[in-house]
Amino acid sequence: MFSREEIIEILNKPAEEIFTLADKIRQEQVGNEVHLRGLIEFSNICKRQCKYCGLRCENKGISRYRMTPDEIILCARNAAEAGYKTVVLQSGEDEYYSRDILCKIISEIKKLNIAVTLSVGEKSFEDYQAYRESGADRYLLRIETTDRNLYQRMHPGADINNRIRCLENLRELGYEVGTGCLVGLPGQTLESLADDILFFKEINADMIGIGPLIPHPDTPLKNCNAGSLKIALKVIAITRIMLGNINIPATTAMETLDPDGRMLALKSGANVIMPNVTPVIYKDKYEIYPNKISFSENASQSRQFVEEILKKAGRSIANDYGFRKR
Ligand code: SAH
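So the sequence shown is numbered by the working numbering: it starts at 8 and just counts up by one.
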């Protein structure tokens, strides 16, 4: 296990051997299968002001949409029919979807016999409890950064303690818990990235999503540099080595930054891909960052496409629900 100092050193210097080691550990711990999760981006309306995100409420430059419950359920059904064993319901923090509405959507989707992951932001314990009782299996809520000052600068009006409270509630309620960080926030240090990794370990997260920052032209971070792909890959590799059997997606942001990004992530410890299955009429509007890559027009096409790429890399698509291997 790496100490904080060792992690910083790996992040700081060329360290190709870390990728080989992470790939070996990935193979030993979770095998060659890649889990596909169908991502449904069901609303881009958001009450928050995260400085990096194109969905922030102050961005007047995007056209906002909300999928109806029926549209969301139909989208999940199409994904299930295309072979997906998990859908991820993601949105901005949109209060239109009350506890009752979301619970109804979850319980309808659960009838399709697939796992449901939620990624809808910070909610109350009671909300999380109700979603869980309706059948939600997993929850994604990135901590984004554990550097308290940086967190505060990036998230006006938000409180990192509440985000941590959310992660604790989710764990207590028996969700598989996913968190993660952005790489390349302005003012972020390698030390703080090392602390992020130690935080993932400390809370024993089941899933970790790591992605480079991609500056959005209609946000306060428009003039910032993009995050470094190399450092993001190293954070993935070290996380795999330190957390063993967890699930780690090769994120879309990696591929948006570099055409090989997703494949490189799969060779550096990642074992999950989240193809976008949002209906085409909405997909382009979910612009958390510009030029978001997506595989194809529909759920079954994108699945075939992913299968072909994976085959070339000697990996196969998993057929189970893709819970953490214990
Ligand atoms: N509202 C939900 C979902 C947020 S979008 C929540 O709060 O969890 C999912 C992730 O996209 C975020 O957690 C963030 O890490 C990432 N993201 C947002 N803007 C980004 C950008 N400009 N570049 C790269 N990743 C970004």
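Even for Gly, the Cβ is constructed at its ideal location relative to N, Cα and C.
Local conformation of residue i per DSSP, three classes
| i | result |
| --- | --- |
| residue 199 | helix |
| residue 59 | coil |
| residue 122 | strand |
| residue 283 | strand |
| residue 16 | helix |
| residue 48 | strand |
| residue 188 | strand |
| residue 268 | helix |
| residue 263 | helix |
| residue 152 | coil |
| residue 115 | helix |
| residue 236 | helix |
| residue 127 | coil |
| residue 307 | helix |
| residue 296 | coil |
| residue 177 | helix |
| residue 246 | helix |
| residue 314 | helix |
| residue 8 | coil |
| residue 40 | strand |
Residues near residue i by beta carbon distance below 7 Å, same chain, minus five either side
| i | result |
| --- | --- |
| residue 84 | 119 |
| residue 205 | 11 |
| residue 277 | 243, 255, 256, 257 |
| residue 275 | 26, 29, 30, 240, 243, 244 |
| residue 14 | 201, 204, 245 |
| residue 193 | 228, 231 |
| residue 335 | For residue 335 there is no data in the structure shown, the boundaries of the chain being 8 and 333. |
Heavy atom of ligand 1 within 7 Å of residue i beta-carbon
| i | result |
| --- | --- |
| residue 220 | yes |
| residue 149 | yes |
| residue 289 | no |
| residue 72 | no |
| residue 126 | yes |
| residue 272 | no |
| residue 245 | no |
| residue 197 | no |
| residue 60 | yes |
| residue 103 | no |
| residue 212 | no |
| residue 295 | yes |
| residue 223 | yes |
| residue 260 | yes |
| residue 100 | yes |
| residue 97 | yes |
| residue 46 | no |
| residue 189 | yes |
Close beta carbons around residue i, own chain, < 6 Å, minus the five adjacent residues each side
| i | result |
| --- | --- |
| residue 269 | 257, 261, 262 |
| residue 229 | 222 |
| residue 79 | 49, 112 |
| residue 237 | none |
| residue 137 | 106, 110 |
| residue 321 | none |
Beta-carbon proximity list for residue i, same chain, < 8 Å, skipping 5 on both sides
| i | result |
| --- | --- |
| residue 226 | 58, 59, 60, 61, 63, 66 |
| residue 54 | 64, 99, 100, 101, 102 |
| residue 177 | 135, 146, 148, 184 |
Cβ of residue i within 8 Å of any chain C Cβ
| i | result |
| --- | --- |
| residue 39 | Among the chains of the structure shown, chain C does not appear; only one protein chain is present. |
- Task: Check whether the region 85 to 98 touches the region 288 to 308, taking contact to mean three or more Cβ pairs, one atom from each stretch, closer than 8 Å.
- Result: They touch, by the three-pair rule.
- Query: Touching or not, the region 15 to 35 and the region 179 to 194, by the rule of three or more beta carbon pairs under 8 Å?
  - Reply: The region 15 to 35, when compared against the region 179 to 194, does not touch it at the 8 Å Cβ threshold.
- Item | Inter-stretch contact at 8 Å, needing at least 3 Cβ pairs: the region 171 to 178 / the region 195 to 202 | At 8 Å Cβ cutoff, the stretches do not touch.
- Message: Tell me whether the region 36 to 47 and the region 321 to 329 touch, counting them as touching only if at least three CB pairs, one residue from each stretch, are closer than 8 Å.
- Response: Contact between the region 36 to 47 and the region 321 to 329 is established, with three or more Cβ pairs separated by less than 8 Å.
- Inspect the CB distances between the region 73 to 83 and the region 23 to 30 and report whether three or more fall short of 8 Å. Taking 8 Å as the limit for Cβ pairs, the verdict is that the region 23 to 30 does not touch the region 73 to 83.
- Message: Three Cβ pairs or more, each shorter than 8 Å: is that satisfied between the region 148 to 162 and the region 92 to 104?
- Response: Between the region 148 to 162 and the region 92 to 104, the count of Cβ pairs shorter than 8 Å is below three; the stretches do not touch.
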